[in-house]
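Colleague:
Residue numbers (the numbering used here): 438 to 635.
#1: Any chance the stretch 568-579 sits against the stretch 529-537, with 3 or more Cβ pairs inside 8 Å?
#2: According to DSSP, is residue 524 part of a helix, a strand, or is it coil?
#3: What is the rounded straight-line gap between the Cα of residue 629 and the Cα of residue 512?
#4: Give the DSSP-derived three-state secondary structure of residue 596 in the structure shown.
#5: Where does residue 546 land, buried or exposed, given buried means 16+ other C-beta within 10 angstroms?
#6: I need the straight-line Cα distance from residue 619 to residue 566, nearest angstrom please.
#7: Helix, strand or coil for residue 504, going by three-state DSSP, please let me know.
#8: Which parts of the stretch 467-498 are runs of the beta strand (DSSP E), unbroken and 3 residues or longer, counting only runs that do not cross its ends?
#9: Taking DSSP's pairing of strands, which residues face residue 605 in a bridge?
#10: What's the gap between the Cα of residue 540 and the Cα of residue 560?
#11: Within 10 angstroms of its Cβ, does residue 521 collect 16 or more other Cβ (buried), or is it exposed?
#12: Using a threshold of 8 Å, state whether the C-beta atoms of residue 603 and residue 625 are closer than that.
#13: In angstroms, rounded to a whole number, what distance separates the CA positions of residue 472 and residue 600?
Spelled out as structure tokens, the structure:
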């Protein structure tokens, strides 16, 4: 198990390096704003911690990097899940509601049974790696252009969710180590740059 105090001290240092403000415990009702995302509408005892953020004037753009925990209880057993999350709220985004996550064997069976999975003929590698769902397939295909498809063909096992002005990016139930968090933040900003203004 990771040392919580050591991780917090390292996250403070990372925040300084990335020119973000370290806040620590979430204090602005952020979890309530995130309830429409799949990651945040499961489990109990949800908490955001080791949070860092930055915002532009008039809150046009707000960027967050944080650790997230939730608990699943079956009555007999309780399990805690931890995830590193990149979240951005920006008026430069105007996203259809969508979910992209790693595709597994059961998803492939589901697609044969009619479960929605938006595939791209021009990128079978991406389509084999990821399940992509949205009620607005036309707009989503515009967003997932050649650059996005190429990036996620190389970058495996990520989850990306979008709704309107909000985007979250993470590796499900995976707390990234300090050696990879900076590159994770940069990947999140790269995805944002791909998607904004479209």
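Every residue, glycine too, gets a C-beta built ideally from N, C-alpha and C.
Modeller: With the given structure in hand:
#1: Judged by pairs of C-beta atoms under 8 Å, the stretch 568-579 touches the stretch 529-537, as three or more such pairs exist.
#2: Counting from one through the chain shown, the residue named residue 524 turns up at place 87. Residue state, collapsed to three classes: strand.
#3: Within the chain shown, residue 629 is the residue found at index 192, counting from 1. Within the chain shown, residue 512 is the residue found at index 75, counting from 1. Taking the straight line from one Cα to the other gives about 40 Å.
#4: As a working note, residue 596 is residue 159 in the chain shown. Secondary structure at residue 596: strand, using DSSP grouped into helix, strand and coil.
#5: Within the chain shown, numbered from 1, the residue matching residue 546 stands at position 109. A caution first: residue 546 carries a pLDDT of 47, below 50, which makes its placement in the model unreliable, though a value can still be read off. Exposed: under 16 other Cβ atoms inside 10 Å.
#6: If you number the chain shown from 1, residue 619 lands on position 182. If you number the chain shown from 1, residue 566 lands on position 129. CA-CA distance, residue 619 to residue 566, rounds to 24 Å.
#7: Translated into positions along the chain shown, residue 504 becomes position 67. In the three-state reduction of the DSSP assignment, residue 504 falls in the strand class, which pools E and B.
#8: Entirely contained in the stretch 467-498, the beta strand (DSSP E) runs reaching 3 residues are, in chain order, 481-492.
#9: For the purposes of this step, residue 605 is taken as residue 168 along the chain shown, with counting starting at 1. Answer is 524, 598, bridged to residue 605.
#10: Numbered from 1 along the chain shown, position 103 holds the residue referred to as residue 540. Numbered from 1 along the chain shown, position 123 holds the residue referred to as residue 560. Looking at the two C-alpha atoms, the distance is approximately 15 Å.
#11: If you number the chain shown from 1, residue 521 lands on position 84. By the neighbour-count criterion, in which 16 or more other beta carbons inside 10 Å mark a residue as buried, residue 521 falls on the buried side.
#12: Numbered from its first residue, the chain shown carries residue 603 at position 166. Numbered from its first residue, the chain shown carries residue 625 at position 188. Taking 8 Å as the Cβ cut-off, residue 603 and residue 625 do not qualify as a contacting pair.
#13: Position 35 of the chain shown, counted from the start, is the residue given in the question as residue 472. Position 163 of the chain shown, counted from the start, is the residue given in the question as residue 600. If you take the alpha carbons of residue 472 and residue 600, they lie about 11 Å apart.
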